[in-house]
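Structure first, commentary second.
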Amino acid sequence: MSQIMSGFRKEKEKAGYHSDQNVPGTNLPAGRFGGRTAHAPAILEDGGAQGEDGRTDTGRPDLTGKDGTIFIFFIFIAAILASISIIQCQNYKTFVEKHIVEDQAKINCNITIKDRNINKDSCRYRNTFIHDTDARKIREMCSRHVASTVVSSDGSLTLTDCKLLKSPSAMGCSYNQAVVKGVVYVTCERQVPVHFVRFEPGFAAQCAPCIWTLGLLLILGYLF
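End of the sequence shown sits at 224 in UniProt numbering; the numbers just go up one at a time, nothing left out.
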(Lines of atoms letter the chains of each structure in order from A and count residues from 1; the text may use other names and numbers.)
(Lines give C-alpha, C1' and ligand atoms only; values in the text may rest on other atoms or scores of the structure.)
Protein backbone atom coordinates (compact mmCIF):
# COMPACT_ATOMS: atom_id res chain seq x y z
CA MET A 1 0.00 0.00 0.00
CA SER A 2 2.82 2.40 0.90
CA GLN A 3 4.42 1.71 -2.46
CA ILE A 4 1.18 2.57 -4.24
CA MET A 5 0.84 5.89 -2.31
CA SER A 6 4.48 6.71 -2.97
CA GLY A 7 4.00 6.10 -6.67
CA PHE A 8 0.86 8.24 -6.70
CA ARG A 9 2.76 11.10 -4.96
CA LYS A 10 5.56 10.91 -7.51
CA GLU A 11 3.04 11.09 -10.34
CA LYS A 12 1.57 14.27 -8.86
CA GLU A 13 5.02 15.82 -8.48
CA LYS A 14 5.78 15.06 -12.10
CA ALA A 15 2.53 16.83 -13.01
CA GLY A 16 3.80 19.92 -11.20
CA TYR A 17 1.61 19.83 -8.10
CA HIS A 18 2.93 20.08 -4.55
CA SER A 19 0.83 20.07 -1.41
CA ASP A 20 3.54 19.95 1.22
CA GLN A 21 2.62 23.40 2.66
CA ASN A 22 -0.42 25.57 3.08
CA VAL A 23 -1.05 29.22 2.22
CA PRO A 24 -0.22 31.33 5.28
CA GLY A 25 -3.37 32.18 7.23
CA THR A 26 -5.50 29.57 5.38
CA ASN A 27 -6.06 25.85 5.24
CA LEU A 28 -5.57 25.79 1.49
CA PRO A 29 -2.49 24.21 -0.12
CA ALA A 30 -0.14 26.64 -1.82
CA GLY A 31 -0.01 24.38 -4.90
CA ARG A 32 2.09 24.80 -8.00
CA PHE A 33 0.68 24.36 -11.42
CA GLY A 34 2.72 24.22 -14.59
CA GLY A 35 5.96 24.78 -12.66
CA ARG A 36 4.76 28.15 -11.21
CA THR A 37 4.03 28.54 -7.53
CA ALA A 38 0.88 30.46 -6.57
CA HIS A 39 1.64 32.71 -3.60
CA ALA A 40 -0.98 34.17 -1.34
CA PRO A 41 -1.31 37.94 -1.48
CA ALA A 42 0.18 39.83 1.45
CA ILE A 43 -2.56 41.16 3.73
CA LEU A 44 -2.13 44.87 4.57
CA GLU A 45 -3.18 46.71 7.73
CA ASP A 46 -6.00 48.58 5.95
CA GLY A 47 -7.61 45.35 4.79
CA GLY A 48 -6.18 45.46 1.28
CA ALA A 49 -3.79 43.10 -0.40
CA GLN A 50 -0.51 43.38 -2.23
CA GLY A 51 0.13 41.10 -5.18
CA GLU A 52 3.38 39.80 -6.63
CA ASP A 53 3.76 42.88 -8.85
CA GLY A 54 3.72 45.18 -5.82
CA ARG A 55 0.36 46.77 -6.70
CA THR A 56 -1.98 47.46 -3.84
CA ASP A 57 -5.65 46.57 -3.94
CA THR A 58 -7.50 48.19 -1.04
CA GLY A 59 -10.93 48.14 -2.63
CA ARG A 60 -10.71 51.93 -3.10
CA PRO A 61 -9.38 54.00 -6.07
CA ASP A 62 -5.73 54.96 -5.64
CA LEU A 63 -5.54 58.78 -6.00
CA THR A 64 -1.85 59.07 -5.21
CA GLY A 65 -0.46 58.03 -8.59
CA LYS A 66 -0.81 59.19 -12.17
CA ASP A 67 -4.45 58.12 -12.40
CA GLY A 68 -5.27 60.10 -9.28
CA THR A 69 -3.64 63.25 -10.69
CA ILE A 70 -5.69 62.98 -13.89
CA PHE A 71 -8.89 62.42 -11.90
CA ILE A 72 -8.29 65.51 -9.73
CA PHE A 73 -7.43 67.58 -12.83
CA PHE A 74 -10.76 66.74 -14.49
CA ILE A 75 -12.64 67.55 -11.28
CA PHE A 76 -10.88 70.94 -11.18
CA ILE A 77 -11.78 71.70 -14.82
CA ALA A 78 -15.41 70.72 -14.25
CA ALA A 79 -15.61 73.07 -11.24
CA ILE A 80 -14.21 75.97 -13.31
CA LEU A 81 -16.68 75.39 -16.15
CA ALA A 82 -19.58 75.25 -13.70
CA SER A 83 -18.48 78.54 -12.13
CA ILE A 84 -18.20 80.24 -15.53
CA SER A 85 -21.68 79.07 -16.47
CA ILE A 86 -23.16 80.43 -13.23
CA ILE A 87 -21.41 83.80 -13.62
CA GLN A 88 -22.52 84.09 -17.24
CA CYS A 89 -26.16 83.46 -16.28
CA GLN A 90 -25.97 86.06 -13.50
CA ASN A 91 -24.53 88.68 -15.90
CA TYR A 92 -27.33 88.15 -18.42
CA LYS A 93 -29.97 88.36 -15.71
CA THR A 94 -28.42 91.58 -14.39
CA PHE A 95 -28.33 93.05 -17.90
CA VAL A 96 -32.04 92.35 -18.40
CA GLU A 97 -32.93 93.85 -15.01
CA LYS A 98 -31.00 97.04 -15.70
CA HIS A 99 -31.73 97.68 -19.35
CA ILE A 100 -34.69 95.76 -20.83
CA VAL A 101 -38.35 96.81 -20.84
CA GLU A 102 -41.25 95.81 -23.10
CA ASP A 103 -41.59 97.22 -26.60
CA GLN A 104 -44.54 99.53 -25.98
CA ALA A 105 -43.93 100.21 -22.28
CA LYS A 106 -44.30 103.79 -21.03
CA ILE A 107 -41.97 103.81 -18.05
CA ASN A 108 -41.09 106.32 -15.38
CA CYS A 109 -37.34 106.30 -14.70
CA ASN A 110 -37.71 107.06 -10.99
CA ILE A 111 -40.21 104.26 -10.40
CA THR A 112 -38.59 101.63 -12.63
CA ILE A 113 -35.07 102.18 -11.27
CA LYS A 114 -36.39 101.99 -7.70
CA ASP A 115 -38.58 98.91 -8.32
CA ARG A 116 -35.69 97.04 -9.91
CA ASN A 117 -33.27 98.08 -7.16
CA ILE A 118 -30.77 99.35 -9.72
CA ASN A 119 -29.35 101.91 -7.31
CA LYS A 120 -27.37 100.27 -4.54
CA ASP A 121 -25.19 102.47 -2.33
CA SER A 122 -25.63 105.66 -4.35
CA CYS A 123 -27.70 107.10 -7.18
CA ARG A 124 -26.73 105.83 -10.60
CA TYR A 125 -25.77 108.80 -12.77
CA ARG A 126 -27.33 107.43 -15.95
CA ASN A 127 -29.28 104.37 -17.00
CA THR A 128 -30.72 103.51 -20.40
CA PHE A 129 -33.65 101.18 -20.96
CA ILE A 130 -34.05 99.36 -24.28
CA HIS A 131 -37.63 98.76 -25.42
CA ASP A 132 -37.22 95.14 -26.51
CA THR A 133 -39.64 92.55 -25.10
CA ASP A 134 -37.73 89.56 -23.68
CA ALA A 135 -34.55 91.07 -25.17
CA ARG A 136 -35.31 89.32 -28.46
CA LYS A 137 -33.53 91.84 -30.70
CA ILE A 138 -30.51 92.14 -28.41
CA ARG A 139 -30.16 88.36 -28.08
CA GLU A 140 -30.32 88.06 -31.85
CA MET A 141 -27.42 90.53 -32.06
CA CYS A 142 -25.36 88.27 -29.79
CA SER A 143 -26.38 84.92 -31.24
CA ARG A 144 -23.20 84.57 -33.34
CA HIS A 145 -20.69 85.73 -30.73
CA VAL A 146 -19.19 83.35 -28.16
CA ALA A 147 -16.09 85.33 -27.12
CA SER A 148 -16.51 88.71 -25.42
CA THR A 149 -17.35 91.14 -28.25
CA VAL A 150 -18.88 94.62 -28.50
CA VAL A 151 -21.72 94.50 -31.04
CA SER A 152 -23.94 97.25 -32.44
CA SER A 153 -27.54 96.97 -33.58
CA ASP A 154 -28.24 97.08 -37.32
CA GLY A 155 -30.71 99.91 -36.92
CA SER A 156 -32.08 102.31 -34.35
CA LEU A 157 -33.98 100.97 -31.35
CA THR A 158 -36.41 102.79 -29.08
CA LEU A 159 -34.79 103.80 -25.78
CA THR A 160 -35.70 105.57 -22.57
CA ASP A 161 -32.64 107.46 -21.40
CA CYS A 162 -32.57 108.38 -17.69
CA LYS A 163 -30.20 111.08 -16.37
CA LEU A 164 -29.74 111.96 -12.72
CA LEU A 165 -30.92 115.43 -11.68
CA LYS A 166 -29.24 115.53 -8.26
CA SER A 167 -25.86 114.62 -6.79
CA PRO A 168 -25.17 110.85 -6.65
CA SER A 169 -24.80 111.15 -2.87
CA ALA A 170 -28.24 112.71 -2.40
CA MET A 171 -30.79 110.87 -0.33
CA GLY A 172 -33.36 110.67 -3.09
CA CYS A 173 -32.62 109.67 -6.68
CA SER A 174 -34.54 111.76 -9.19
CA TYR A 175 -34.12 111.41 -12.95
CA ASN A 176 -34.88 113.35 -16.08
CA GLN A 177 -35.94 111.09 -18.94
CA ALA A 178 -36.21 111.20 -22.71
CA VAL A 179 -37.52 108.71 -25.25
CA VAL A 180 -35.05 108.52 -28.14
CA LYS A 181 -34.06 106.36 -31.08
CA GLY A 182 -30.49 105.15 -31.25
CA VAL A 183 -27.98 102.51 -32.34
CA VAL A 184 -27.24 100.31 -29.33
CA TYR A 185 -23.82 98.88 -28.42
CA VAL A 186 -23.65 95.93 -26.03
CA THR A 187 -21.01 93.41 -24.92
CA CYS A 188 -21.87 89.84 -25.90
CA GLU A 189 -20.46 86.76 -24.20
CA ARG A 190 -21.40 83.16 -24.94
CA GLN A 191 -24.21 84.32 -27.28
CA VAL A 192 -26.02 86.55 -24.77
CA PRO A 193 -25.74 90.26 -23.84
CA VAL A 194 -24.00 90.95 -20.54
CA HIS A 195 -23.17 94.69 -20.58
CA PHE A 196 -24.71 97.86 -22.01
CA VAL A 197 -21.89 99.93 -23.53
CA ARG A 198 -23.58 103.02 -25.02
CA PHE A 199 -26.01 104.22 -27.65
CA GLU A 200 -25.63 106.69 -30.50
CA PRO A 201 -28.61 108.83 -31.50
CA GLY A 202 -30.25 107.97 -34.81
CA PHE A 203 -29.54 109.84 -38.03
CA ALA A 204 -32.27 112.46 -37.56
CA ALA A 205 -31.14 113.29 -34.03
CA GLN A 206 -27.48 113.50 -35.06
CA CYS A 207 -28.20 115.75 -38.04
CA ALA A 208 -30.78 118.01 -36.37
CA PRO A 209 -28.16 120.67 -35.37
CA CYS A 210 -26.77 120.59 -38.92
CA ILE A 211 -30.23 121.09 -40.41
CA TRP A 212 -30.95 124.03 -38.12
CA THR A 213 -27.61 125.61 -38.96
CA LEU A 214 -28.14 125.16 -42.69
CA GLY A 215 -31.63 126.63 -42.48
CA LEU A 216 -30.36 129.64 -40.56
CA LEU A 217 -27.62 130.24 -43.16
CA LEU A 218 -30.16 130.10 -45.99
CA ILE A 219 -32.42 132.59 -44.24
CA LEU A 220 -29.56 134.97 -43.56
CA GLY A 221 -28.36 134.66 -47.16
CA TYR A 222 -31.81 135.46 -48.48
CA LEU A 223 -32.17 138.52 -46.22
CA PHE A 224 -28.76 139.95 -46.93
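The beta-carbon is built from N, C-alpha and C at its ideal position, and this holds for glycine as well.
Outcome for residue i when other beta-carbon atoms lying within 10 angstroms are tallied against a minimum of 16
i, result
"A135", "buried"
"N127", "buried"
"D132", "buried"
"L165", "exposed"
"I113", "buried"
"L220", "exposed"
"G182", "buried"
"S174", "exposed"
Expected contact under 8 Å - CB spacing of residue i and residue j to nearest Å
i, j, result
"L157", "V184", "5 Å"
"R139", "V101", "With a Cβ gap of about 15 Å, R139 and V101 do not count as contacting."
"I111", "F129", "About 12 Å separates the two Cβ atoms, so there is no contact after all."
"Q177", "C123", "With a Cβ gap of about 14 Å, Q177 and C123 do not count as contacting."
Contacts around residue i, its chain only, beta-carbon distance under 8 Å, and the 5 residues preceding and following it disregarded
i, result
"H195", "N91, F95, V186 and T187"
"I104", "Here residue 104 is Gln; the residue named in the question, Ile, does not match the sequence. Result list for Q104: H131, in chain order."
"V197", "V150, Y185, V186 and T187"
Rounded C-alpha distance that separates residue i from residue j
i, j, result
"E200", "N119", "24 Å"
"V179", "D161", "6 Å"
"S143", "V150", "13 Å"
"L214", "G155", "26 Å"
"D121", "K93", "20 Å"
"I75", "T69", "10 Å"
"H99", "Y222", "48 Å"
"G202", "S152", "13 Å"
"S148", "M141", "13 Å"
"L159", "K137", "13 Å"
Residues near residue i in its chain [Cβ-Cβ closer than 7 Å; skip 5 each side]
i, result
"V146", "R190 and Q191"
"K163", "R126, Y175 and N176"
Sequence-distant residues of the same chain with beta carbon closer than 6 Å to residue i, five excluded per side
i, result
"E97", "R116"
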